[in-house]
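*Asks:* Using this note's numbering, the final residue of the sequence shown is 105, and nothing's skipped along the way. For glycine and all other residues, C-beta sits at the position ideal for the given N, C-alpha and C.
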Amino acid sequence: MESRRGWMLIDFPVDSGLSFLSAVANAGARDAFYVRMTHWAAPDAWDVKIKPMDAAMFQGDQPSDFALRPLQVSFPAYDLPELTRRLREHIAGRTVPPAPADWSTVGR
């Protein structure tokens, strides 16, 4: 837990999590925020994982039946204001045209 101090965590159904990531990415520039959310090697990179979960965890009398859920998104707390701004832009229907990103922080 100590290693995640200062980080936020959100769980989504997989499809909703992918939609969330697309909305956030499309509602802002491909800047340092974008690089953190999309590239695992960026400084303070977001951690996005899809976890296999057994339905039998909740119904002990049922056979195991694994599925990919949830999609977990973990990001530094200092990204919350920009994340919130981008979600507001997405809700308002405003997107930013695609453009090249600055990948210099990840050696690309």
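Would you list, in sequence order, the uninterrupted beta strand (DSSP E) runs of no fewer than 3 residues that lie entirely inside the stretch 18 to 45?
*Replies:* none
*Asks:* Report the option in S0, M5, E(-1) whose CA atom is closest to the CA atom of A74.
*Replies:* On the sequence shown, position 77 is the one that residue 74 refers to. With distances taken between Cα atoms, A74 lies closest to M5.
*Asks:* What does DSSP give as the partner residues of L124 in its beta bridges?
*Replies:* No information on residue 124 is available, as it lies outside the stretch -2 to 105 that the chain covers here.
*Asks:* Below 7 Å CB to CB, which residues in the same chain sit around K46 once its five sequence neighbours on both sides are set aside?
*Replies:* Within the sequence shown, the letter at position 49 stands for residue 46. Scanning its chain for C-beta atoms nearer than 7 Å, with the 5 sequence neighbours on each side dropped, one finds around K46 the residues Q69, in chain order.
*Asks:* CA-CA distance, S101 and A53?
*Replies:* Translated into the one-based positions of the sequence shown, residue 101 becomes position 104. Translated into the one-based positions of the sequence shown, residue 53 becomes position 56. So the alpha carbons of these two residues sit roughly 45 Å apart.
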